[in-house]
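Report on one structure; see the data block that follows.
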């Protein structure tokens, strides 16, 4: 090995995720996370080992690199895996930067962003809290992957502070609405996948074709202002309750790296329409956890969930999204919706964990939380592990700042 | 005048809208519509009259030109107005192309697209048809400009054929959903405005600041698949019922050109919260009409409406959109929602005109329509006129093609 990779690192030799980093002496560029280091792909490219235009590596976003196509990008990943184990290969110690010396940037220029609602546990929990406990799941839910268009401009990279949004709410349904800082600020534990190949307007991507269009995945925190959302969302869906920010982890883990962790999804009943049926499993066993740390204090793990719980998988989401001819572009982001498991310890939002604030959560510090408070740091983490091989996502964090005056 | 401008042209000397055109001998570039011609701004720039980087004119989208800022782009407009009347100025006949010899392209690279729902007549009509006739307007409607995120990738320029979308519907609420071509295909008469200045995440744009962020306007047809929409849209809003296509007119009419047509909007009751109050009028008296032509037959004008009917104006829409700190970028598109007037002859969708298909419309050809049929050409037109000065948008058209097999 050219460099040492700590045991249990998310960024093992089996992973090789791509991201955009800079250092005090280098502009934003494509890198690969490996152990506690980043391999600078511009420096690797300068040795002449790549047969594509090196400009795609010297960019502020991964989009141009991804546009080379999977035959190229998958090849780059395999080559790096081989070179890391080849003391006589092209890699030298000077091509590695310590992650602690680098700044990570938003990895993708997101064109359109779609948020699905594909966890049956989450949809059921929210339906009980917001609508009818007896009919929590709406009639369409088991027939199609419900989703909506989200705001792409406000997707930010991990580490970006989250300013508490202001807006209009109606805390008293008998009184007029009021304006002010959100009082019910929440996170949502999600994962997102990144489109790696563009389609044409009018074209439908089948579930069989879909894997070719998916480049990789990130952790995704869909910050939510529950009081703003509740007042605004009928009849056209979430808008300002979500659009103030969403946060993503900086390393895009490729689907290549995740293939060993494929598992079957939940049985779908009733049977779905043919255009939503899949001939392969496409759920992934990815352990997820959520940590909440009040300002200057230790973190409490407030939820442990798993991406394998998804009722609707990515192939179904993409086939449904394009069944009407809607085109997708490289860099589009499709998020899962909140990933909740079956019990309270696996819920993916404070809304669910605290039953809409009715049952406060006690942190290990002794503090209580119904929703997020200023100074709180919220972190999502995720990794897959099997047969001693670990492929992880690192984390996505954000600290809540008070509203602007 | 260097060239002749027909009386009653939408593209009078008072207009000077910007667009992207190409010809068999020139690549896509910035042009200005004037009468039946296009002034090629690359050719104008080559004379040395502009003091900005001419690269922004040699682009496939207006975004870089708009990014020069209003002080520059408004100056370009005023200069062109002066030069058109100056026989000794920099313009020569060779700089003009006939519109019939040019191909128009999508004028803007749209980042995020938002669709509002700001016509009280439309919201009331739809509420009656889809929900409760007694409580057609939902409780939030008069307190905030309801809106949702739309799909940016599928916004196309006038003249692009519209393939009838396929998807999932549930015509019989007692039976399982079915898959197939949309049977209730509709248009929506809207206008869109284009963001001309970017804001930062966390920044709020006040109604007083908003005019500085708005570059200009286009006609906007928000094609809608009513049967798909009806089944999918609860609880997260419209998705595939809209995302298959939206069409825009090719010429972006600047707010500068529209200022003479400013009028007061409808009185808002109850009074809106302070962040939504405006110190200036910002409705516009823009005559709108909708034409429907069955394949190979004459067009019937099926609706005449006006943009001045909007209950919520652009300043309120933009202030609301950013009140939570959501950032906007140059090229973002914000559409009005369907612009319906008070009576049936001014409704902005077939859903409303035919009362959801219950009362078919008879065209001048004798044919009936409940919704759009294959081969139909649907055209929106709009213009403002006052004191003999006309500023028009031209049109946005699309022909319905059968679904792909």
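Residue numbers (the numbering used here), protein chains in the order written: chain A, 1 to 405; chain B, 1001 to 1405. Note that the Cβ used here is the ideal one computed from N, Cα and C, for glycine as well.
Tell me the residue span of the beta strand (DSSP E) that contains residue i.
{"i": "residue 1168(B)", "result": "1166-1169"}
{"i": "residue 1032(B)", "result": "1026-1034"}
{"i": "residue 1057(B)", "result": "Premise fails: residue 1057(B) is in no beta strand (DSSP E) and is neither H nor E."}
{"i": "residue 1088(B)", "result": "No beta strand (DSSP E) contains residue 1088(B), which DSSP labels as neither H nor E."}
{"i": "residue 1142(B)", "result": "Segment: none, residue 1142(B) is in no beta strand (DSSP E) and carries neither H nor E."}
{"i": "residue 1047(B)", "result": "Here residue 1047(B) belongs to no beta strand (DSSP E), and DSSP marks it neither H nor E."}
{"i": "residue 1300(B)", "result": "1300-1306"}
{"i": "residue 14(A)", "result": "First-last for residue 14(A): undefined, no H or E at that position."}
{"i": "residue 1103(B)", "result": "1103-1105"}
Please list, in chain order, the chain A residues whose beta carbon lies closer than 7 Å to that of residue i.
{"i": "residue 1144(B)", "result": "168 and 232"}
{"i": "residue 1329(B)", "result": "153"}
{"i": "residue 1313(B)", "result": "Residues of chain A passing the Cβ test: none, with the nearest at roughly 17 Å."}
Per DSSP, residue i forms a beta bridge with which residues?
{"i": "residue 271(A)", "result": "None, per the DSSP bridge assignment."}
{"i": "residue 113(A)", "result": "150(A) and 333(A)"}
{"i": "residue 1040(B)", "result": "1031(B)"}
{"i": "residue 1096(B)", "result": "1039(B)"}
{"i": "residue 1401(B)", "result": "1163(B)"}
Please report the residue range of the alpha helix (DSSP H) in which residue i lies.
{"i": "residue 122(A)", "result": "120-130"}
{"i": "residue 23(A)", "result": "Element bounds for residue 23(A): not the alpha helix (DSSP H) but the beta strand (DSSP E), 18-23."}
{"i": "residue 70(A)", "result": "70-84"}
{"i": "residue 66(A)", "result": "63-66"}
Whose Cβ in chain B lies nearer than 9 Å to the Cβ of residue i?
{"i": "residue 111(A)", "result": "1111, 1152 and 1153"}
{"i": "residue 156(A)", "result": "1201"}
Name the chain B residues that come within less than 7 Å of residue i, Cβ to Cβ?
{"i": "residue 14(A)", "result": "Per Cβ cutoff of 7 Å: no residues; residue 14(A) is ~34 Å from chain B at best."}
{"i": "residue 409(A)", "result": "The structure shown does not extend to residue 409(A), since chain A is modelled only from 1 through 405, so no value can be given for it."}
{"i": "residue 404(A)", "result": "1202"}
Starting from the beta carbon of residue i, find every residue of chain A whose beta carbon is closer than 8 Å, and list them in chain order.
{"i": "residue 1105(B)", "result": "Neighbours of residue 1105(B) on chain A: none; closest Cβ ~14 Å, over 8 Å."}
{"i": "residue 1122(B)", "result": "Residues of chain A passing the Cβ test: none, with the nearest at roughly 13 Å."}
{"i": "residue 1350(B)", "result": "None at all; the shortest Cβ gap to chain A is about 18 Å."}
{"i": "residue 1245(B)", "result": "201 and 325"}
{"i": "residue 1147(B)", "result": "236 and 239"}
{"i": "residue 1176(B)", "result": "143 and 270"}
Give me the chain B residues within the contact set of residue i, using Cβ-Cβ distance strictly less than 8 Å, ordered along the chain.
{"i": "residue 228(A)", "result": "1324"}
{"i": "residue 397(A)", "result": "Neighbours of residue 397(A) on chain B: none; closest Cβ ~17 Å, over 8 Å."}
{"i": "residue 225(A)", "result": "1324"}
{"i": "residue 240(A)", "result": "1320, 1321, 1323, 1324 and 1326"}
Can you pull the chain A residues whose beta carbon is under 9 Å from the beta carbon of residue i, in chain order?
{"i": "residue 1221(B)", "result": "The contacting residues do not exist; residue 1221(B) stays about 15 Å from chain A at best."}
- prompt: Mind pulling the beta strand (DSSP E) runs of 3 or more residues that sit fully within the stretch 1313-1394 of chain B?
  reply: 1333-1335 and 1377-1386
message: Tell me which residues of the stretch 1178-1210 of chain B have at least one Cβ-Cβ distance to chain A shorter than 7 Å, keeping chain order.
response: 1179, 1201 and 1202
message: Just to confirm the assignment: which complete beta strand (DSSP E) runs, minimum length 3, are found wholly within the stretch 148-233 of chain A?
response: 155-157, 166-169, 178-181, 189-195 and 214-221
message: As an exercise, report each continuous beta strand (DSSP E) stretch of at least 3 residues that is fully enclosed by the stretch 241-293 of chain A, in chain order.
response: 246-248 and 287-293
- request: Below 7 Å between beta carbons is the criterion; list the residues of the stretch 115-141 of chain A that meet it against any residue of chain B, in chain order.
  value: 117, 138 and 140
Members of the stretch 1263-1296 of chain B near chain A, C-beta cut-off 9 Å: 1270, 1273, 1274, 1275 and 1276
- prompt: Of all the residues that make up the stretch 1003-1030 of chain B, which are near chain A by a beta-carbon distance shorter than 7 Å?
  reply: none
field: Residues within the stretch 1067-1095 of chain B neighbouring chain A, beta-carbon criterion of under 9 Å
entry: none
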